[in-house]
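Comments concern the structure below.
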Amino acid sequence: MKYPSRNISLRVMAAALLLLGSRGAACGAEARILPYPIHQKQLANGLNVVTVPYPSPGLAAFYIVVRAGSRDEIEPGKTGFAHFFEHMMFRGTDKYPKEKYSDVLKGTGASANANTSEDRTVYHMTGNAAKLETMFEVEADRFQNLKYSVQDFKTEAGAVKGEYIKNSASPYVQLEEKIAETAFQAHTYGHTTMGYFKDIVAMPDQYDYSREFFRRFYRPEHTTILVVGSVTPKAVEALADRYFGRWPRGAYVSIIPQEPVQSATRYTHLQQAGFPPFLSLNYKGPAFSDTGMDVPALDVLSAILFSEKSDLYKKLVLHEQKVRSLGGGCSDARDPGLISISASLVQADDLQGVKDEIVRALEVAKTKPVDARVLAETKSHLRYSFLMGLDNPTDIAESLSHYTWLTGDPEALNRLYALYEKVTAGDLLRVANKYFVNTALTVATLSPAADVGVQ
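Residue 7 is where the sequence shown starts when you use this note's numbering, and the numbers rise one by one after that.
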């Protein structure tokens, strides 16, 4: 099941699952979680070039992180363009039209893909490290020379509309939209990555703005090239300078509307027959930070409260069997986002009771210190679950790209995991009291009834 969420941290969910097993002591406080060096060089035009040599059988993961997403869609009536360019970037150039681009990549043993969220767009491929120059050449060409006609634009806008319609058939996607627009009333996190449907319908007439969006954000100062695998920093940096060094720097800076402080609980509901009832509690949370203790403390607390080892899970899922699944965590976002706790229920009549049980667990977390052994195990598993995924260039590049789009610096990964080791029971009490307050809560429900009356 895909829960409505706003980029809930995968590290929290992984830790919650791993918390089932081991009773081992916490890992030592190593300075770096990533056992491979991160080499960085910034070109004169602002492009950041990151190389991580990794012993792989002739493979290289090639990622390009553009720190622009739906967060940057600040003009009224113009949402969905960050996601739109995820599509348009595969339309080709004069030198490498769409079909030729695909054929050239096949020669490297790679295929290109991309994804977009509120805060970024990431383009990626993994292929033959010996063909790294080819990857650089074709990617540099489309990032600097993307070309599409008005008709190409209209065709792709129609495809984006079709994708929206397909995705919105899911009640969970619909509920995600309602959560966003209810929780955020000024900030651009109030619309999802897909954008507002009315804007997507109008998109075919926005050709000129599409070119402006590309000129604003597809610039070196917003971009990081990340290469992991059988490569050397010298070779990667030389290729970056050769193919991207003349990419002109831009000057545009997004001015993101600030979200006013929420002063009362908000509610949103989706009536939908034929689907399991669903409850989502969304508290305003912090922006991601690799220097403060709030994000790591919330990650640890979420793993303790909502894993399958938690008292709450045992009560609602195993013993009472009122809930099919339970999960929660703090979103990773460049600006203050949401801490979301979600439950899929068996009966809609239990929505209020389940909500009360979750709130009760959060209230206990405000006053009762976490057991020292549980805290140590949780921190150990947060580290262990990450290390278990470091077995190929793609997974390493994926993890580094995550922290790159959050902060602009892949070393944020090492800084964050160093902070986990410092989380105390007092930190958990502090963040529980700071963030889990009714005035910062948006309650979302899904059920067959027109109004479930959850308070």
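Idealized CB from N, CA, C, for every residue including glycine.
| Query | Result |
| --- | --- |
| Burial state of Ile-261, where buried means 16 or more other Cβ atoms lie within 10 Å | exposed |
| Cβ-Cβ distance between Arg-255 and Arg-221 below 8 Å | no |
| Where Gly-280 falls, given that 16 or more other Cβ within 10 Å makes a residue buried | exposed |
| Cα-Cα separation between Leu-419 and Ser-123, rounded to whole angstroms | 19 Å |
| Presumed contact (8 Å Cβ cut-off) between Leu-467 and Ala-371, rounded CB distance | As shown, the chain starts at 7 and ends at 461. That puts residue 467 outside it, with no answer to give. |
| Ile-231 and Val-449 closer than 8 Å at C-beta | no |
| Arg-29 classed as buried or exposed, judged by whether at least 16 other C-beta atoms fall within 10 angstroms | With a pLDDT of only 27 at Arg-29, under 50, the local geometry of the prediction cannot be trusted, and the value read off the model is given with reservation. Exposed, because fewer than 16 other Cβ atoms sit within 10 Å of the Cβ of Arg-29. |
| Simplified DSSP assignment, three categories, for Gln-358 | helix |
| Pro-59 - containing beta strand (DSSP E), residue span | 54–59 |
| Bridge partner(s) assigned by DSSP for Lys-290 | Leu-344 |
| C-beta atoms of Pro-266 and Ala-354 nearer than 8 Å | no |
| Beta strand (DSSP E) segment containing Arg-225, residue limits | First-last for Arg-225: undefined, no H or E at that position. |
| Gln-150 in three-state terms, based on DSSP | helix |
| Glu-105 to Asn-54 span [Cα, whole Å] | 29 Å |
| Extent of the continuous beta strand (DSSP E) to which Gly-334 belongs | 329–336 |
| Simplified DSSP assignment, three categories, for Phe-250 | helix |
| DSSP beta-bridge partners of Thr-451 | His-275, Leu-285 |
| Where the beta strand (DSSP E) through Phe-68 begins and ends | 65–72 |
| 3-residue-minimum beta strand (DSSP E) runs that sit fully inside the region 174–236, ordered along the chain | 229–235 |
| Cβ pair Gly-201, Glu-79 closer than 8 Å | yes |
| Pick from Asp-125, Asn-51, Leu-276, Ala-116 that is closest to Pro-342, judged by C-alpha positions | Asp-125 |
| Those runs of the alpha helix (DSSP H) which lie wholly inside the region 357–419 and span at least 4 residues | 357–373, 378–393, 399–413 |
| Nearest residue (CA-CA) to Ala-431, options Tyr-409, Ser-407, Asp-305, Ala-446 | Asp-305 |
| Backbone CA spacing between Lys-321 and Gln-327 [nearest angstrom] | 8 Å |
| Residue from Gly-75, Glu-162, His-93, Ser-348 with nearest C-alpha to Leu-318 | Ser-348 |
| Backbone CA spacing between Ser-236 and Pro-59 [nearest angstrom] | 6 Å |
| Host beta strand (DSSP E) of Met-94 (start-end) | Looking at the DSSP string, Met-94 is not in any beta strand (DSSP E); the run it does join, the alpha helix (DSSP H), is 87–94. |
| Integer-rounded CB distance, given that Tyr-195 should sit under 8 Å from Ala-186 | 6 Å |
| Buried/exposed call for Met-209, threshold 16 Cβ in 10 Å | buried |
| Buried or exposed by the 16-neighbour rule on C-beta atoms within 10 Å, applied to Asp-214 | exposed |
| 7 Å CB neighbourhood of Ser-407 in its chain, flanking five on each side removed | Tyr-69, Val-71, Val-128, Leu-232 |
| Whole-Å CB distance - Met-95 paired with Ala-116, under 8 Å assumed | 16 Å between Cβ atoms; not a contact. |
| Own chain, CB closer than 6 Å to Leu-24, minus 5 neighbours either side, in chain order | For Leu-24, the predicted model reports a pLDDT of 36, less than 50, meaning its position is unreliable; a value from the coordinates is still stated below. Excluding residues within five positions, the ones whose Cβ falls inside 6 Å are His-387, Ser-391. |
| Contact check, Glu-92 vs Ala-120, beta carbons under 8 Å | yes |
| Opposing strand residues paired with Thr-132 [DSSP bridges] | Ala-67 |
| Spatial distance of Leu-181 from Phe-203 (CA atoms) | 14 Å |
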